[in-house]
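Single-structure report; data block below.
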Amino acid sequence: MKTQQLLQTLADAPGPAGREGTICDIVMDLWRPLADDIHVDAMGNLIALQQGTLPGTGDRRAVMAAAHMDEIGLIVTGIERGFLRIHALGGVDRRVLLGLEVRVHGRSDLPGIIGSRPPHVLPASERRKVLPWHELFVDLGLPEDEVKRLVRVGDYITVHQTVAALKNGRAAGKAMDNRACVAALTLTLEALRHRAHAWNFYAVATVQEEVGGKGAITSAYGVAPDLAVALDVTFATQHNDSDPGVFELGKGPTIGVGPNCHPQIVTRLNEAAAADEVPTTIEPLPGSSGTDAWGIQVAREGIPCGLISVPVRYMHQPVEVVELKDIERTGRLLAGFVARLESDYTPRWEDAVEADAEERPPSAEDSADPAEART
Amino acid sequence: MSNLITHLEALSNAPGISGDEIEVRRVIRPLIKDTVDDLRVDPMGNLIAYRAGTGSSPLRVLVTAHMDEVGLMVIGHHGDGSLKIDTVGGIAARLLPGLSVRVGKKSLPGVIGLQAIHRADGLEKAPNTSQLAVDIGAKSKDEAERLAPVGTSIVFATRFQTIGNSCLGKAFDDRAGCAILIDLLLGERFPFDVYGVFTVQEEVGLRGARVAAYTVEPDFGITLEGTLADDLPKEEADVSPTTELDKGPAITVMDRSYITPPRLLRHFVRMAEAEGLPFQLKQPGIGGTDSGGVHRAKAGVPAITVAVPCRYIHSPVSLLRQSDLTATALLVNAGVRQLATQDLRTMK
């Protein structure tokens, strides 16, 4: 039940890309008691540090875990007779907009609806038409002069939706992408409070992922971690989608494999999953993962990345469905991965390890190196 | 009158698709039982409230408002535990994707989702109802069948709210009419017998009103509605908003189901003018109302429909103005009351 409440607190809050203030405050309140240091950077990313607790030599290495806290939304593009003209903020699905309740973040938060003309007046040819942006609008139920006083072009709009508990520990709501993973990251912070780790752990709630992974790029530069793991959602099987590339709800998170994911981190994530008995599935990602990991990987001189994803149904729709167990497993998997990072571990490529070994015959000292011994 | 909004809230939040109006009856019954002289449910499910007149007029007047709303019904189950659905009443399937719904007597939360935008083939064509399903979290066909057997009713999850002069909620077509009929039955006694009938199955063919009119055999039939207001921004010059918000009650001249006798139309227009109430004539030709079922009962019943203009009917959330609702209630009260003082029974 605790995870359900945590998820609801996070998912119900508004946080459209570029206006993450409200959700950031909520995450800050959740993370502050779990962090040794917490701050918001210039882009609006929330960065919490948990100092390593195990003894180590020299500077502690840093691992960063990123989950974006922004969500897709809408933006006011005009006001006409008191109706608001709107456009997409991020990858909005126009097929799901009709009949939705929204909140317009004007001078105050105003309830509104995206109106749909009744079937009585729709010609048959129009009934299956998905409306273009210029035929969509928000009705605030207020007189025109009041609308003009309260709302301006450029104001943000979010879907208004409360998390509903479905059967079998599943939950439906808006912004499960990616509050499900902000919840998982919160669980990791809780777990690492009670689990020794050698590395400094940076939990980052990033901004503006839905408009191009902007927050991840700058926070990875700022934190400058030695390795990073991004948490995001992936596609779940649903009644109208069971092709390859989708993953069952309730079977645990996926571990990404492909150009975005350093093979040694993939191996270590798999090992942590096996050791802590967390069920997972491998998710093949032939190109961009479409997540924060894509930007983090190319920050500074390059940062070895991993990606853990929570399956979600109906992505980018106001009724995204997740299974709570998958969120808990994601939090546990990440905590196990972080706790197992040896103080002097460096992610390395297999051929580099081999080349080093050829140049320098193994000595007794080298083989005692736990990082080397693993490969 | 002051309770119109409170009653509308309770009525709007109650589930009641055509043929399954029991929860709406449960809301209405306690509100009126102390002021009516007889209250019964007929074989179709119509809730018939009889209120004796003062005896000064021999008329018998039928006033109807339909309880049923458009919604969905479970028609089968997929192997993954999702529910196959069909629409009950007129719903454009294109507005179903992305919605939250409530399933069955236990009001189980469910959702209707599409393939993710990232994985969809095309985004310009809305799916058919047969391509959609309701997800209640069930994991197997067996579990889904147990939780929501074939025939289970599904309604929109919308909860009522007010914003300034506006109300937002589901099923204002026709819970707005129900709220006004309740108001009428709670008011001063009429000179003649009034049968207030909360009808069933309007959305699937005006079926409750038809049998109610047969039973009551009234001199006049008055239908109270929440009707469509299509007064929205449009690309071309708008010649047909049907009705508009803020212009008061909409009086029907003609719709797809019936034609109002001129004398009844004139009577209600004169009443609006006499009471200083705003009114509008609903643009003819669109929609059907219970008057269509009433006017051809037995030897024929002069009938008229008076409606509250509502935007976005037959969708998860409709919108009306409290001022329009109040003005409609006032006009209906005056118009019905004054039926006794004018000889409207002979065709002129």
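Taken in order, these protein sequences are the chains called A and B.
Note that our numbering has the first sequence beginning at 1, numbered continuously upward.
Note that our numbering has the second sequence beginning at 1, numbered continuously upward.
Cβ atoms here follow ideal geometry from the backbone N, Cα and C, with glycine treated the same way.
I believe residue i touches residue j by the beta-carbon criterion, under 8 angstroms. Please report the beta-carbon distance rounded to the nearest angstrom.
i	j	result
LEU10(A)	VAL182(A)	5 angstroms
HIS78(B)	HIS239(A)	5 angstroms
ARG95(A)	VAL130(A)	5 angstroms
ARG256(B)	GLY285(B)	7 angstroms
VAL74(B)	ILE222(B)	Not really, about 36 angstroms apart at Cβ, beyond 8 angstroms.
GLU217(B)	GLY208(B)	Actually they do not touch by this definition, with Cβ atoms about 16 angstroms apart.
LYS167(A)	LEU147(B)	7 angstroms
GLY169(B)	SER12(B)	4 angstroms
VAL310(A)	ILE327(A)	6 angstroms
VAL111(B)	ALA172(A)	5 angstroms
LEU320(B)	ALA212(B)	No, LEU320(B) and ALA212(B) are not in contact; Cβ-Cβ is about 25 angstroms, not under 8 angstroms.
GLY331(A)	THR188(A)	5 angstroms
Nearest by alpha-carbon distance to residue i: which of the options is it?
i	options	result
PRO119(A)	ILE85(B), LEU83(B), PRO109(B) and VAL70(B)	VAL70(B)
GLU301(A)	GLY222(A), LEU185(A), GLY258(A) and PRO143(A)	GLY222(A)
VAL147(A)	LEU110(A), ALA175(A), PRO123(A) and LEU122(A)	LEU110(A)
PHE83(A)	ARG40(B), LEU232(B), ARG207(B) and GLY164(B)	LEU232(B)
LEU89(A)	THR188(A), ASP241(A), GLU209(A) and CYS24(A)	GLU209(A)
LEU98(A)	GLY78(A), ARG127(A), ILE38(A) and PRO123(A)	ARG127(A)
LEU99(B)	ALA52(B), ILE154(B), LYS105(B) and GLY90(B)	ILE154(B)
ASN165(B)	SER242(A), VAL233(A) and GLY141(A)	GLY141(A)
VAL138(A)	ALA171(A), VAL211(A), VAL121(A) and ILE157(A)	ILE157(A)
LEU231(A)	SER289(A), GLY56(A), ARG340(A) and GLU144(A)	SER289(A)
VAL199(B)	ASP183(B), PRO218(B) and LEU224(B)	Residue identity check: residue 199(B) is Thr in the sequence provided, not Val. For the residues ASP183(B), PRO218(B) and LEU224(B), the minimum Cα distance to THR199(B) belongs to LEU224(B).
ARG61(A)	LEU187(A), ALA339(A) and PHE247(A)	ALA339(A)
VAL306(B)	GLY104(B), SER18(B), ALA65(B) and ALA171(B)	ALA65(B)
TYR345(A)	ALA216(A), HIS105(A), PRO123(A) and PRO225(A)	PRO225(A)
MET67(B)	ASP38(B), VAL101(B), PRO309(B) and GLU21(B)	GLU21(B)
ALA65(A)	LEU192(A), GLY245(A) and ASP326(A)	LEU192(A)
ILE72(A)	VAL40(A), GLN161(A) and ALA175(A)	ALA175(A)
GLU273(B)	LEU330(B), ALA237(B) and CYS310(B)	LEU330(B)
THR341(B)	VAL24(B), PRO30(B), PRO58(B) and GLY287(B)	PRO58(B)
LEU74(A)	PRO55(A), GLY115(A) and VAL104(A)	VAL104(A)
LYS234(B)	LEU100(A), ASP37(A) and GLY115(A)	GLY115(A)
Apart from the five residues just before and just after residue i, which ones in its own chain have a Cβ nearer than 8 angstroms to its Cβ?
i	result
TYR214(B)	ALA297 and LYS298
LEU185(B)	ILE32, THR35, VAL36, ALA49, ARG51, VAL194 and GLY196
MET1(A)	With a pLDDT of 49 at MET1(A), under the threshold of 50, the modelled position of this residue cannot be trusted; read the value that follows with caution. Cβ within range, chain order: n/a, list empty.
GLU80(A)	PHE137
GLY89(B)	ILE17, SER18, ASP68, GLU69, VAL70, GLY71, GLU203, VAL204 and HIS314
By DSSP's criteria, residue i is part of a beta bridge. Which residues make up the other side?
i	result
HIS87(A)	ILE75(A)
PHE198(B)	LEU47(B) and ALA65(B)
ILE308(A)	LEU231(A) and ILE255(A)
ARG103(A)	PRO111(A) and THR158(A)
LEU169(B)	Sequence check: residue 169(B) is Gly here, not Leu. Answer is SER318(B), bridged to GLY169(B).
SER153(B)	MET73(B)
TYR214(B)	None; TYR214(B) has no bridge partner.
LEU108(B)	VAL103(B)
ASP37(A)	LEU49(A)
VAL306(B)	LEU224(B) and ILE251(B)
TYR221(A)	BP columns for TYR221(A) are empty, so no partner.
GLY173(A)	GLU320(A)
ILE282(A)	ILE255(A)
GLN280(B)	ALA250(B)
Excluding five sequence neighbours on each side, which residues of the same chain lie with their C-beta closer than 6 angstroms to the C-beta of residue i?
i	result
ALA373(A)	Note that ALA373(A) has pLDDT 40, beneath the 50 cutoff, so the model's placement of it is unreliable and no number is given.
ASP230(B)	PRO241 and THR242
PRO370(A)	Low per-residue confidence applies at PRO370(A): pLDDT is 47, beneath 50, and the placement is therefore not dependable, though the value from the model is reported in the following sentence. GLU342, listed in sequence order.
ARG170(A)	VAL321 and GLU323
HIS295(B)	TYR258, VAL301 and ALA303
SER82(B)	ALA133 and ASP135
ASN45(A)	VAL204, THR206, VAL207, GLY215 and SER219
GLU248(A)	THR237
Would the beta-carbon of residue i be found less than 7 angstroms away from any heavy atom of the ligand GDP?
i	result
VAL41(B)	Absence of the ligand GDP from the depicted structure is noted, as is the absence of any ligand whatsoever, leaving it without description.
Identify, in the order they occur along the chain, each residue of the same chain with its Cβ nearer than 7 angstroms to the Cβ of residue i, setting aside the five sequence neighbours on each side.
i	result
GLY250(A)	GLU323, LYS325 and ASP326
GLY91(A)	ILE72, GLU210 and HIS316
TYR314(A)	GLN238, GLU320 and VAL321
Legend entry - contact_flag[the region 184-198 of chain B, the region 121-141 of chain B] where n(CB pairs < 8 angstroms) is 3 or more: no
Inset, instruction - Count the CB pairs spanning the region 282-289 of chain A and the region 247-260 of chain A that are closer than 8 angstroms, and state whether there are at least three. - result: yes
Inset, instruction - Would you check if there are 3 or more beta carbon pairs closer than 8 angstroms linking the region 258-268 of chain A to the region 312-330 of chain A? - result: no
Inset, instruction - Would you check if the region 21-35 of chain A and the region 191-207 of chain A touch, i.e. whether three or more CB-CB distances between them fall below 8 angstroms? - result: yes
Legend entry - Cβ contact (3+ pairs, closer than 8 angstroms) linking the region 324-333 of chain B and the region 243-256 of chain B: yes
Legend entry - Contact the region 262-281 of chain B vs the region 326-341 of chain B: 3+ CB pairs below 8 angstroms: yes
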